[in-house]
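Below is one structure, written out as structure tokens, with a few remarks after it.
Protein chains: 2
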Amino acid sequence: MVQRILYDLAAADPAVRFSPYCWRAKMALAHKGLAVETRPWRFTEREALAFSGQGRVPVLVDGDEVVHDSFAIALYLEDAYPDAPSLFGGEGGQALARFVAAFADTVLNPGLSRLVVADIWAALAPEDQAYFRESREARYGGMRLEDVQADRETRVEAFRASLAPLRLVLKTQPYLAGEAPAYADYAVFGGFQWVRAISAFDPLATDDPVHAWRERLLDRFGGLARAAPRAASAS
Amino acid sequence: MVQRILYDLAAADPAVRFSPYCWRAKMALAHKGLAVETRPWRFTEREALAFSGQGRVPVLVDGDEVVHDSFAIALYLEDAYPDAPSLFGGEGGQALARFVAAFADTVLNPGLSRLVVADIWAALAPEDQAYFRESREARYGGMRLEDVQADRETRVEAFRASLAPLRLVLKTQPYLAGEAPAYADYAVFGGFQWVRAISAFDPLATDDPVHAWRERLLDRFGGLARAAPRAASAS
Numbered sequence: 065m066v067q068r069i070l071y072d073l074a075a076a077d078p079a080v081r082f083s084p085y086c087w088r089a090k091m092a093l094a095h096k097g098l099a100v101e102t103r104p105w106r107f108t109e110r111e112a113l114a115f116s117g118q119g120r121v122p123v124l125v126d127g128d129e130v131v132h133d134s135f136a137i138a139l140y141l142e143d144a145y146p147d148a149p150s151l152f153g154g155e156g157g158q159a160l161a162r163f164v165a166a167f168a169d170t171v172l173n174p175g176l177s178r179l180v181v182a183d184i185w186a187a188l189a190p191e192d193q194a195y196f197r198e199s200r201e202a203r204y205g206g207m208r209l210e211d212v213q214a215d216r217e218t219r220v221e222a223f224r225a226s227l228a229p230l231r232l233v234l235k236t237q238p239y240l241a242g243e244a245p246a247y248a249d250y251a252v253f254g255g256f257q258w259v260r261a262i263s264a265f266d267p268l269a270t271d272d273p274v275h276a277w278r279e280r281l282l283d284r285f286g287g288l289a290r291a292a293p294r295a296a297s298a299s
Numbered sequence: 065m066v067q068r069i070l071y072d073l074a075a076a077d078p079a080v081r082f083s084p085y086c087w088r089a090k091m092a093l094a095h096k097g098l099a100v101e102t103r104p105w106r107f108t109e110r111e112a113l114a115f116s117g118q119g120r121v122p123v124l125v126d127g128d129e130v131v132h133d134s135f136a137i138a139l140y141l142e143d144a145y146p147d148a149p150s151l152f153g154g155e156g157g158q159a160l161a162r163f164v165a166a167f168a169d170t171v172l173n174p175g176l177s178r179l180v181v182a183d184i185w186a187a188l189a190p191e192d193q194a195y196f197r198e199s200r201e202a203r204y205g206g207m208r209l210e211d212v213q214a215d216r217e218t219r220v221e222a223f224r225a226s227l228a229p230l231r232l233v234l235k236t237q238p239y240l241a242g243e244a245p246a247y248a249d250y251a252v253f254g255g256f257q258w259v260r261a262i263s264a265f266d267p268l269a270t271d272d273p274v275h276a277w278r279e280r281l282l283d284r285f286g287g288l289a290r291a292a293p294r295a296a297s298a299s
């Protein structure tokens, strides 16, 4: 049996895995029916990833293959395991999954970050906290992380409005990828799972079709995402 | 030969066709290599569409078939003309094209509208102007159309920022649908062609990858969109 390892961003509690990009990879592996050992990794352990030629997770080691970047991992899995259920549903679906991932990268995840960025910091291992605070406060023009998320109860309305494209699609079909979920769904779901892992704040209203879609994905693969440990501060 | 007619929204000059949703249909027909007679239609001519069971364009009449709604027209063409180039590139591409269209419907087109809505009014036939002003000013909370677009030189920066998902994808591939354009591209392009038809205001900077993509689509199908007549106010 092939040794398959995913380097997976961990909080102070090594069981809490919160990276939205690692969740994309874990859902893609589950979609392909592939078992994987997820190895906890922290922001400050760059050297541990040196073998991959770069310093960020997710990194997948699949036997002799080493693949980094969540979209590259999905492309690799689709190519290496063609007999397992498709992650893209053909060439057209593969090209457009990039757009859905780009929406998550540029709209969803930055929006979520502003709602929970201090909660992320609080859940991190001490050795990661200094790095995280410095790099993220620089992104927010020097604003303290606690101040960034302080107005989230009002800001969440604008965040919810930014999900209009998701909501419109989920009125006509149960998943972004159609009747069954695929990589495009996981690319978006990763953001919500990131928040779920480290914060008690729920960015979605319970009557939102996006909420119902998230519930279905939490249940997928025997409840893989729902069963994932959450930081103490998230419960 | 089958009689094929598209009811196509027209400005005061009947040669100026500006609906973003009709442009989706026209690009989809061209993609399938299908000739079509485009019949000018105005907002106030609801009765002329009564045969379609509703009152909005585009409406495609293809022999005995009558199809309305731009996405439904694309699905119809894909199904009725399976040997012509695919509009979706498979099931996965079809499902995700809905997301791209939803992005255009909820982000791109509302953003463009705020930049040129008074220019649209100015280009309309007199019998359409009253309807358009009343319905659109209601959408903007009673604000005059001229006031809505008055600050467009500053507002255009936020509009351009909202195109981040398009820009990110177009860094890795020439079209949203991959190496060649397909329906997802036309769903977005329709919005830009709408503005081009009725306004001299260009919402895109010339160094934007989205601008280069739009140029390629203007040239597609022998320059179908580039050659389309523009309102006098647009040139």
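Those sequence lines, one after another, are chains W and H.
Heads up, the first sequence is in the numbering used here, so the first residue is 65 and it goes up one at a time.
Heads up, the second sequence is in the numbering used here, so the first residue is 65 and it goes up one at a time.
Backbone N, C-alpha and C fix where the C-beta goes; we use that ideal spot for every residue, glycine too.
- Separation of the CB atoms of Val212 of chain H and Val181 of chain H is rounded to 5 Å, and the pair is thereby assigned contact status at 8 Å.
- Judged by beta-carbon spacing, Leu113 of chain H lies beyond the 8 Å limit of Ala89 of chain H, meaning their Cβ atoms are not closer than that value.
- Val274 of chain W is outside the set of residues whose beta carbon lies under 8 Å from a beta carbon in chain H.
- For Leu70 of chain H, the enclosing beta strand (DSSP E) begins and ends at Arg68 to Leu73.
- Under the Cβ criterion of 8 Å, Gln118 of chain H is not counted among the residues facing chain W.
- Excluding the 5 residues flanking it on each side, Gly175 of chain H has same chain C-beta neighbours closer than 7 Å at Phe223 and Ser226, in chain order.
- Shown here for Ile262 of chain W: same chain residues with a beta carbon closer than 6 Å to its own, the five before and five after excluded, namely Phe82, Asp183, Ile184, Ala187, Ala295 and Ala298 in chain order.
- At least one beta carbon of chain W lies nearer than 8 Å to the beta carbon of Val171 of chain H.
- Spatial neighbours of Glu101 of chain W in its own chain (CB-CB distance under 6 Å, excluding positions within 5 residues in sequence) are listed in chain order as Ile69.
- Only those residues of the region 237-252 of chain W whose C-beta falls short of 7 Å from the nearest C-beta of chain H are listed: Gln237, Leu240, Ala241, Gly242, Ala246 and Ala248.
- A Cβ-Cβ distance of about 16 Å is found for the pair Val171 of chain H and Leu234 of chain H, leaving them out of contact under the 8 Å criterion.
- Within 8 Å of the CB of Glu155 of chain W, the CB atoms of chain H belong to Gly153, Gly154, Gly157 and Gly242, in sequence order along the chain.
- Residue pairing for Val100 of chain H: DSSP places it in no beta bridge.
- Using a Cβ-Cβ cut-off of 7 Å, Val164 of chain W is close to Leu160 and Phe163 of chain H, given in chain order.
- Look at Val80 of chain W here: in three-state DSSP terms it is coil, with no helix or strand label.
- From the listed residues H:Glu279, H:Gly255, H:Arg110 and H:Arg278, the smallest Cα separation to Trp87 of chain H is found for H:Gly255.
- As for any beta strand (DSSP E) of minimum length 3 sitting wholly inside the region 125-197 of chain W, the runs are 129-132, ordered along the chain.
- Identification of chain H residues near Leu232 of chain W by a Cβ-Cβ cut-off of 7 Å yields Ala166, Asp169 and Thr170, ordered along the chain.
- Ala292 of chain W has a beta carbon lying at 8 Å or more from every beta carbon in chain H.
- Comparing alpha-carbon positions, the option among W:Arg197, W:Glu217 and W:Trp258 lying closest to Leu73 of chain W turns out to be W:Trp258.
- Arg216 of chain W and Leu179 of chain W do touch by the CB rule: their CB atoms are close to 5 Å apart, below 8 Å.
- For Ala138 of chain H, none of the residues of chain W pass the 9 Å Cβ criterion, the least Cβ distance being about 12 Å.
- For the C-beta of Ala228 of chain H, the chain W residues within less than 8 Å are, from N- to C-terminus, Ala166, Thr170 and Val171.
- In the displayed model, Gly242 of chain H falls within a strand according to three-state DSSP.
- Rounded to the nearest whole angstrom, the CA to CA distance from Ala168 of chain W to Pro84 of chain W is 10 Å.
- By the CB criterion at 8 Å, Leu281 of chain W and Phe253 of chain W fall inside the cutoff.
- Remark: C-beta atoms of Glu142 of chain H and Ser150 of chain H approach each other more closely than 8 Å.
- Under the three-state reduction of DSSP, Val121 of chain W is assigned to coil, being neither helix nor strand.
- Residue pairing for Trp105 of chain H: DSSP places it in a beta bridge opposite H:Leu73.
- Following the DSSP letters along the chain, one finds Thr218 of chain W inside the alpha helix (DSSP H) bounded by residues Arg216 to Ala225.
- When secondary structure is reduced to three states using DSSP, Pro229 of chain W falls in the helix class.
- Residues of the same chain with a CB within less than 7 Å of the CB of Ala92 of chain W, apart from the 5 flanking positions on each side, are Ile137, Ala138, Leu141, Leu151, Tyr247 and Tyr250 in chain order.
- Pro273 of chain W carries a helical assignment under DSSP once its states are collapsed to helix, strand and coil.
- In this chain, the alpha helix (DSSP H) harbouring Asp211 of chain H covers Leu209 to Val212.
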